[in-house]
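Let me begin by presenting the structure, written as structure tokens, before commenting on it.
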Amino acid sequence: MIGRLILLLAYLGISVVLFATFATDVWVWMSFFMSNLVLFALFWWHLYQEREYSPFISVYIVFNFLFFIIAPILQLRVIGDKNADFLTKLPYTSSGIIYSNVLIILFTLCFFGAYTWFKKTRKTRVIVPNYNRDKRLPLVLFGILGISLLVFIVSMGFVFNEMARAGWMASSIGRTALLIWKKLLFVVPLGGVILSVQYYKQSKKTGINVLAVAVMFVLFMILLLWFKNPLVEKRNALGPIYISIIYLLAPRLLNSNVKTMFFMFFTMVVVFPLSAIITHAKSSLRQIIIQPRILLDEFEGEGIGEVFNTIHYDAFINIVATIDYVKYEGFSYGYQFLSAFLFFIPRKIWEGKPVSTGQLVGEHLIDNYEFTYSNLSNPMVSEGYVNFGIIGVIFLAFALGYTIVYFLTWLHSHILIKKIMAFYFAIHLLFFLRGDFANGFSYYVGTLIGVMGIARLIDYLIKNGLNNQYKWRQKQITKA
């Protein structure tokens, strides 16, 4: 009850301060207010009415509040003070802002309707435990460890190059190869971590196998830290992995809607922006500790606005930019979705393969407004819009609702690897919703194959090998 109250007061307090200090066109103000009102209704329902544990909705609310309410309002305050264009050089128009908020409201309403409807109509299956598969688990773990060590040896030069490469520099290998390395092969140890914990929970806590699995668990963690650390991987890719490991090892910390919302809300809305202000403050940390008023002055000045007026919080203004793109180029009628669903086809083979929507809109801004950067985000709202207009927005909202309900069955499954990959998807939603769709989709599919696909393939090969060995023995007995 206290957690809910704190969250409620935090949401309302931030909203009141934002809208009380937001001096802009009345219709722009109203569009943001209505968008926040719809989101607050979902926020209240999730905390007080939803009985089933669903971290997906917690992340959806935090994303929308941060990227579609807080960030754009603070950006518009900076733009208004400086009489400037958006940070992407796109000229400010009140009609673009209002229309973007209309699309966001439509998406949230359709998503909520689809989510609640699919939850009511879903069919649940009782999965009978496969004890033979559990007996094969130590062999599967040994196979995963072998693949992980092989990847470690083969990729050593690539990892060192990634550690030395600056964030703004392009990788030395192609995009498809980069995806295979980072999003598929480098997450194989995560599957080993999950299955090691699963074996430990199902075993009798004694025997040589438990000791061997414990050693493999430590090796998997070391390999995962080697492959997935801030020197090799971006922050948005590290978060889902290590938060999922926290949920795996200590599920009580995040096993309710209030706990997950509390963690995500204060991490994304409070801690990260505050740390950015401290990092970019003109005063030293020692001065801030001695005189906390300095930090308050940063908030009251342009500090908080400048933190959000960066490319990291460009989701809302890229919806506006996508609307502008469609005005000139028209809808793509599903063509842009191909870059996601056929991501595994290299561009060298398919020269006409569409670029991601973020890059497409970025190039539009470069060509028409003298922007200098094309690697932009593109939220799911505008992904639907660029493909099929308003119908596309509604379609993606329903697709997201269905997908989340599908993963809810995984989250409440007795199969641990499914449960963790569902939770991983919930945290990954923060990146997926921000976009673009091609990257969000391919990154999760790659991780799913690396964690679950390879483990199942190894289990399949071991099962067939054991069956063939058994048949051979039976033949030898028959001959004898």
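So the mapping is simple: the working numbering equals the position in the sequence shown, first residue as 1, plus 30.
By construction, the Cβ of each residue, glycine as well, lies at the ideal position given by its N, Cα and C atoms.
Whole-Å CB distance - residue i paired with residue j, under 8 Å assumed
i, j, result
"LEU120", "ASP397", "No, LEU120 and ASP397 are not in contact; Cβ-Cβ is about 12 Å, not under 8 Å."
"ARG34", "TYR78", "7 Å"
"GLY419", "PHE361", "6 Å"
"VAL217", "THR477", "5 Å"
"HIS458", "PRO270", "5 Å"
"LEU175", "MET246", "5 Å"
"THR352", "SER88", "Contact flag wrong, Cβ pair sits at about 26 Å."
"LYS149", "VAL435", "5 Å"
"LEU117", "ASP344", "7 Å"
"SER124", "TRP57", "6 Å"
"PHE182", "LEU255", "Their Cβ separation, rounded to whole angstroms, is 12 Å, which puts PHE182 and LEU255 out of contact at 8 Å."
"LEU225", "ILE447", "6 Å"
"LEU215", "GLY483", "About 12 Å; that fails the 8 Å criterion."
"ALA427", "CYS140", "4 Å"
Coil, strand or helix - residue i by DSSP
i, result
"ILE375", "coil"
"ASP111", "Bear in mind that the predicted position of ASP111 carries a pLDDT of just 49, short of 50, making it unreliable; the figure below should be weighed with that in mind. Three-state DSSP puts ASP111 in a helix."
"PHE141", "helix"
"ASN259", "coil"
"TYR363", "coil"
"LEU180", "helix"
"TYR122", "coil"
"GLY204", "coil"
"HIS342", "helix"
"LEU441", "helix"
"ARG81", "coil"
"LYS493", "helix"
"TRP380", "coil"
"SER386", "coil"
"LEU284", "coil"
"LYS153", "coil"
"ALA53", "coil"
"PHE97", "helix"
"LEU241", "helix"
"LEU117", "coil"
"ARG503", "helix"
Residues near residue i in its chain [Cβ-Cβ closer than 6 Å; skip 5 each side]
i, result
"ILE99", "ASN66"
"LEU39", "none"
"LEU261", "MET193"
"VAL299", "LEU96"
"ASN233", "As written in the sequence, residue 233 is Ser, which differs from the Asn given in the question. Around SER233: VAL240."
"ALA244", "none"
"PHE93", "LEU460 and LEU463"
"TYR277", "LEU284 and PHE453"
"PRO102", "PHE346"
Unbroken alpha helix (DSSP H) run spanning residue i, endpoints
i, result
"SER404", "Looking at the DSSP string, SER404 is not in any alpha helix (DSSP H), and its letter there is neither H nor E."
"MET410", "410 to 418"
"LEU225", "218 to 232"
"ARG265", "265 to 279"
"ILE87", "85 to 94"
"TYR473", "467 to 478"
"SER65", "56 to 78"
"GLU192", "186 to 194"
"ILE514", "Residue coverage of the chain in this structure runs from 31 to 510, which leaves residue 514 outside it and unanswerable."
"THR290", "287 to 295"
"SER45", "32 to 50"
Same chain, Cβ closer than 7 Å to residue i, neighbours up to 5 away in sequence not counted
i, result
"PRO384", "TYR365, GLN366, LEU368 and SER369"
"PHE461", "ASN266 and GLY470"
"ASP111", "Note on ASP111: pLDDT 49, under 50, position unreliable in the model; the coordinate value appears next. Result list for ASP111: empty, nothing under 7 Å."
"ILE349", "SER130, LEU133, PRO409, VAL411 and SER412"
"SER249", "This sequence places Leu at residue 249; Ser is not what is there. LEU175."
"LEU72", "ILE91, THR138 and PHE142"
"LEU496", "none"
"VAL170", "LEU225, ALA485, ILE488, ASP489 and ILE492"
"MET451", "TRP440, LEU478, VAL481 and MET482"
Any non-hydrogen atom of the ligand SAH closer than 7 Å to residue i Cβ
i, result
"ILE183", "This structure lacks the ligand SAH; in fact it carries no ligand of any kind."
Same chain only: Cβ atoms within 8 Å of residue i, ignoring 5 sequence neighbours per side
i, result
"HIS76", "SER84, ILE87, SER88, ILE91, ASN287 and MET291"
"GLU21", "Summary: the structure shown does not reach residue 21, with the chain confined to residues 31 through 510, and so no result is reported for it."
"TYR358", "HIS394 and ASN398"
"SER407", "ASP344, ALA345, ASN348, GLY388, ARG464, GLY465 and ASP466"
"VAL356", "TYR415, VAL416 and GLY419"
"VAL189", "TRP256, PHE257 and VAL262"
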